[in-house]
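The sequence shown begins at 7 in the numbering used here and counts up one residue at a time. Beneath this line is the structure, given in structure tokens, with notes to follow.
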Amino acid sequence: MGVINCTREAVASMRDRDVAGQVIHINSLLGHKVTMPPSGANSNLNVYPATKFAISALTESYQFEMVAENRKIKFSSVSPGVVATEFFDETTLKSLQHFPHLLPSDISQAVLYILSTPPHVNIQDVLIKPLGSSKFGVTALTEILRQEMSKDELPIKISSISPDVVQTNLTEMFSKDNLAKTPHLLSSDISQAVVYVLSTPPHELLKVKDSEGAHLAIKVTSISPAVVQTDITQAYSKEALANFPHLKAEDISAAVLYTLGTPPHVNIQEILIKPVGSFI
């Protein structure tokens, strides 16, 4: 309840003063997926992951609330994996020395990155894990399945299709009328992508020997922005996006620079970036 109460009071203050503010929730990877605790740690997670899932929902709910009120108050989450803090008892802290973990300074660096973004950029979430820890998420699942098929030498192809805004009948927000003046995809575009994937010829599968990259010290990061103004297509040109919340190319490069500036033991799993005022 502490996060809820503090957020409520902070937002009330920003509303009263009609200012452009920033709220940062310290979340957890457990707020996205429940995983097994590290060896030696208390395995009885109980309601802890549920409270972190609530923070993820709280952050997004407030984001949409601010959009509806046309306010420039930004909401962000920092979702780290295991961090060596006083949260753990002394015995567990000692065991963490033999387990991939983050330091408090890694989290503060993520907070500073969020605070450094320009007024039109809202970092929705920064997912951080120590290099060598376990993976999760759809993107990670796709990669894990690919590696398993490679290991067993099975000619099974695993693909992931990640569209931006798609016109559908699932929700009024993405209806034809609501998206009439917004660049968007059609369901047929996604089905065409599926057909394309199915039509590609078989090829030799890549043999991946180290799925975690821990021994190779290879970091893998995904930067996931919403609409970005670029010259790739007319639909995302400066003129076309003049009245639509969007990001700039330099917003993405700033995320790349932050990722590259992290210490060797820190792997930024994903950075979710949206323009302030976006309903996506």
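Just so it is clear, CB atoms sit at the ideal spot from N, CA and C, and this is done for glycine as well.
6 Å CB neighbourhood of residue 234 in its chain, flanking five on each side removed:
253
Any 3 or more C-beta pairs closer than 8 Å across the region 124-137 and the region 78-85:
yes
Which residue marks the beginning of the beta strand (DSSP E) containing residue 288, and which one marks its end?
Nothing can be reported for residue 288: it is not among the residues displayed for the chain, which extend from 7 to 286.
Between the beta-carbon of residue 61 and the beta-carbon of residue 27, is there less than 8 Å?
no
Opposite residue 108 in the DSSP bridges: which residues?
89
Given 8 Å as the limit, is there contact between the region 12-30 and the region 101-110, that is, 3 or more CB pairs closer than that?
no
If you check the beta carbons only, do residue 228 and residue 173 fall under 8 Å apart?
no
Which residue wins for smallest C-alpha separation from residue 2, given the options 80, 23, 64?
The structure shown does not extend to residue 2, since the chain is modelled only from 7 to 286, so the question has no answer here.
Please look up how many angstroms separate the CB atoms of residue 271 and residue 137, rounded, as I've assumed it's under 8 Å.
5 Å
May I have the straight-line CA-CA distance separating residue 224 from residue 266, to the nearest angstrom?
12 Å
For residue 146, which of helix, strand or coil comes out of DSSP?
In this prediction, residue 146 has a pLDDT of 49, which is less than 50 and means its spatial position is unreliable; what the coordinates show is noted afterwards. Reduced to three states, the DSSP call for residue 146 is helix.
Report the three-state DSSP secondary structure of residue 58 (helix, strand or coil).
helix
Secondary structure of residue 230, DSSP reduced to three states:
strand
Write down the C-beta distance between residue 232 and residue 279 rounded to the nearest angstrom, noting that I regard them as a contact closer than 8 Å.
7 Å
Is it the case that the Cβ atoms of residue 80 and residue 282 are separated by a distance below 8 Å?
yes
Taking all protein chains shown into account, decide if residue 93 is buried (16 or more other Cβ within 10 angstroms of its Cβ) or exposed.
exposed
Determine the burial state of residue 238: buried for a count of at least 16 other Cβ atoms within 10 Å of its Cβ, exposed for fewer.
exposed
Alpha-carbon to alpha-carbon, residue 182 and residue 245
22 Å
Answer yes or no: do residue 285 and residue 73 have a C-beta to C-beta separation smaller than 8 Å?
yes
Residue 287 to residue 190 span [Cα, whole Å]
Here the chain comprises residues numbered 7 to 286, so residue 287 is not present and cannot be evaluated.
Tell me whether residue 81 sits in a helix, a strand or coil according to DSSP, three-state version.
strand
Measure how close the beta-carbons of residue 171 and residue 185 come, nearest whole angstrom, since I'm counting them as under 8 Å.
7 Å
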